[in-house]
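A.B. asks: Submitted below is the structure of interest, expressed as structure tokens.
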Amino acid sequence: MLREKYKILGILESSSETAFSTDSGFKELIIACIKGRERFHETAFISLNETKNVENISKLFFGRKLNVNVPSFCTVNYVNLYDVLEIWDMNWLVFFGEKELRNLLSKIFSYGIKRRTVSSWNNVFERKLLVRGVEIYGPDFFFIPNKFWKIVNETYEKVVIVNEKSGKKLSIEKEYLEATLRRPALYSYRIFVEPKHYFINVPPVELNELPLDVVEYLNWGKTSGVADSALRKFGKYWYSHVFRQTKTKKPYGKVFLPDKVDFMFKRRGVFANYSDIPMIASKNFYVIKINNDEMCKVLTAWFNSTFFISLLLVAGRKISEHWTRFLEDDYLKLPVLNVKTLSEEKIKNICRSMEAIVTKKLPPLPHQLDEEYRVKLDVSLAEAIGLLNPQKIVEKLHTLLREYWKR
Numbered sequence: 000m001l002r003e004k005y006k007i008l009g010i011l012e013s014s015s016e017t018a019f020s021t022d023s024g025f026k027e028l029i030i031a032c033i034k035g036r037e038r039f040h041e042t043a044f045i046s047l048n049e050t051k052n053v054e055n056i057s058k059l060f061f062g063r064k065l066n067v068n069v070p071s072f073c074t075v076n077y078v079n080l081y082d083v084l085e086i087w088d089m090n091w092l093v094f095f096g097e098k099e100l101r102n103l104l105s106k107i108f109s110y111g112i113k114r115r116t117v118s119s120w121n122n123v124f125e126r127k128l129l130v131r132g133v134e135i136y137g138p139d140f141f142f143i144p145n146k147f148w149k150i151v152n153e154t155y156e157k158v159v160i161v162n163e164k165s166g167k168k169l170s171i172e173k174e175y176l177e178a179t180l181r182r183p184a185l186y187s188y189r190i191f192v193e194p195k196h197y198f199i200n201v202p203p204v205e206l207n208e209l210p211l212d213v214v215e216y217l218n219w220g221k222t223s224g225v226a227d228s229a230l231r232k233f234g235k236y237w238y239s240h241v242f243r244q245t246k247t248k249k250p251y252g253k254v255f256l257p258d259k260v261d262f263m264f265k266r267r268g269v270f271a272n273y274s275d276i277p278m279i280a281s282k283n284f285y286v287i288k289i290n291n292d293e294m295c296k297v298l299t300a301w302f303n304s305t306f307f308i309s310l311l312l313v314a315g316r317k318i319s320e321h322w323t324r325f326l327e328d329d330y331l332k333l334p335v336l337n338v339k340t341l342s343e344e345k346i347k348n349i350c351r352s353m354e355a356i357v358t359k360k361l362p363p364l365p366h367q368l369d370e371e372y373r374v375k376l377d378v379s380l381a382e383a384i385g386l387l388n389p390q391k392i393v394e395k396l397h398t399l400l401r402e403y404w405k406r
């Protein structure tokens, strides 16, 4: 709407503070525009390191034409907003600040798109194959273990839990449980995941149709107040809202993407997680509902690659000083390796690179740059894209990403 009705002269951000206003926790921008549109106009994206002595900043709106010197306390990028890649168009914040990493990614993805080795999710897979995980009301009831109950024994058929306060033991049949991933921080250093949590997954039937220990657990949730939010939201069959989602959304998959991450990756060695069997996850994840194992391994490699991590840092939606994310609609537009156009040899090469690290405990991502296993993973993907001199491009990408994290 803004671009279609206005000529945008410039957009300003404070690079030293989140906002221009005092005590504001939201990202604030200042936009200068005039009515009308001009397809060949370049918009000035100005990052201010300080907000003093800014009286003449408006001259930068016409900096290209007037040959204005850029003050030392700011950086300026001039961008024609009618001629940008779709991946940048969904978040104009990418046009602020240093641009070398963004420019390299533009060249890589543009090349892949032309060769059809890279495309958007929507062009490669069905939209329905990417879903948000299960939403729950009352995590300390619907997750087991939780703040009140721990698992003390587990067999093929049941899980025995004990209340840490009362010592009460209950035996819950696995018919009423569903293995799940709980939150991304629990799986942040290893790609392969083995879930240690369960959802309470009870169908909407009368209590007298359920085993006694299951009923006792449901009654505990009700009388303790731990399940109050589910009671208020869902009424009689409040204990079945996880069950309903597993039947309607069918959120089972082998590849899991976290809802948000610390963009410095200080405590995270992986982005995407992988399971060799389909399972579900909480709403803290997006689930890729694809069963083909080779395809899942290639996608896991892609979402853990330096290509994707760099894209996340450049184009992600920063929601606070430390956290960034992509939304579901973002993933549908983002570039992804087009598995359908790859040769069997290239697919197997990517799978081998991923399998070499899938069970390893990995250090925080900044410490992986230039490590042999990460270089091999990235080079296998660069070769699949069809990049010329893939080793050199990967080395350049690692260098730029290291510089980004040092800022």
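Heads up, the sequence shown is in numbering that gives the first Met the number 0, so the first residue is 0 and it goes up one at a time. Just so you know, even glycine gets a beta-carbon here, dropped at the ideal spot from N, CA and C.
CA-CA distance, residue 353 and residue 346?
C.D. replies: 11 angstroms
A.B. asks: Do you know how far the Cα of residue 168 is from the Cα of residue 157?
C.D. replies: 13 angstroms
A.B. asks: On the premise that residue 283 lies in contact with residue 257, defined as a C-beta separation below 8 angstroms, what is that separation, rounded to the nearest angstrom?
C.D. replies: Rounded, the Cβ-Cβ distance is 7 angstroms, consistent with contact.
A.B. asks: Output the boundary residues of the alpha helix (DSSP H) element that contains residue 120.
C.D. replies: Taken as a continuous stretch (DSSP letters only), the alpha helix (DSSP H) holding residue 120 covers 120 to 123.
A.B. asks: In or out: residue 244 buried (at least 16 other Cβ within 10 Å) or exposed?
C.D. replies: With 16 or more neighbouring CB atoms inside 10 Å of its own CB, residue 244 falls in the buried class.
A.B. asks: Determine whether the Cβ of residue 187 lies closer than 8 angstroms to any Cβ atom of chain B.
C.D. replies: The chain labelled as chain B is not found in the depicted structure, where only one protein chain is given.
A.B. asks: Using CA coordinates, which residue listed in 339, 367, 375 is at the minimum distance from residue 123?
C.D. replies: 339
A.B. asks: Considering only residues of the same chain and omitting the five flanking positions on each side of residue 111, which have a CB-CB separation below 6 angstroms?
C.D. replies: 117, 384
A.B. asks: At the level of alpha carbons, what is the spacing between residue 237 and residue 211?
C.D. replies: 18 angstroms
A.B. asks: Less than 8 angstroms between the C-beta atoms of residue 135 and residue 144, yes or no?
C.D. replies: no
A.B. asks: When DSSP labels each residue in this structure, what does residue 152 get in the three-state scheme?
C.D. replies: strand
A.B. asks: Looking at residue 141 and residue 241, is the spacing between their C-beta atoms short of 8 angstroms?
C.D. replies: yes
A.B. asks: Put residue 105 into one of helix, strand or coil per three-state DSSP.
C.D. replies: DSSP places residue 105 in helix when its eight states are reduced to three.
A.B. asks: Is residue 249 helix, strand or coil by DSSP?
C.D. replies: coil
A.B. asks: Taking the alpha-carbon positions, what's the residue 322 to residue 27 distance?
C.D. replies: 16 angstroms
A.B. asks: DSSP on residue 18, reduced to helix/strand/coil?
C.D. replies: coil
A.B. asks: Residue range of the beta strand (DSSP E) that residue 294 falls in?
C.D. replies: Careful: residue 294 lies outside any beta strand (DSSP E), inside the alpha helix (DSSP H) at 292 to 303.
A.B. asks: Whose C-alpha, out of 38, 252, 9, 405, is nearest the C-alpha of residue 292?
C.D. replies: The residue with the shortest Cα to Cα distance from residue 292 is 252.
A.B. asks: Can you give me the C-alpha to C-alpha distance between residue 163 and residue 148, rounded to a whole angstrom?
C.D. replies: Annotation: residue 163 to residue 148 spans about 6 angstroms, alpha carbon to alpha carbon.
A.B. asks: Would you report the Cα separation of residue 25 and residue 316, rounded to the nearest angstrom?
C.D. replies: 12 angstroms
A.B. asks: Between which residues of its own chain and residue 379 is the CB-CB distance below 6 angstroms, once the five residues before and five after are set aside?
C.D. replies: 348, 349, 352
A.B. asks: In the DSSP assignment, find the alpha helix (DSSP H) that holds residue 404 and state where it starts and stops.
C.D. replies: 389 to 405
A.B. asks: As a quick exercise: from 66, 76, 128, pick the residue whose alpha carbon is nearest that of residue 294.
C.D. replies: Here the closest residue by C-alpha is 128.
A.B. asks: Which class does residue 321 belong to by DSSP, given the choice of helix, strand or coil?
C.D. replies: coil
A.B. asks: What are the start and end residues of each continuous alpha helix (DSSP H) run of 4 or more residues lying completely inside the stretch 316 to 384, in chain order?
C.D. replies: 327 to 332, 343 to 354, 371 to 384
A.B. asks: Determine the closest residue to residue 386 out of 306, 185, 277, with distance taken between C-alpha atoms.
C.D. replies: 306
A.B. asks: To test your reading of the DSSP string, which unbroken beta strand (DSSP E) runs of 3 or more residues are found completely within the stretch 210 to 275?
C.D. replies: 252 to 257
A.B. asks: Considering only DSSP beta bridges, list what residue 47 is partnered with.
C.D. replies: 13, 73
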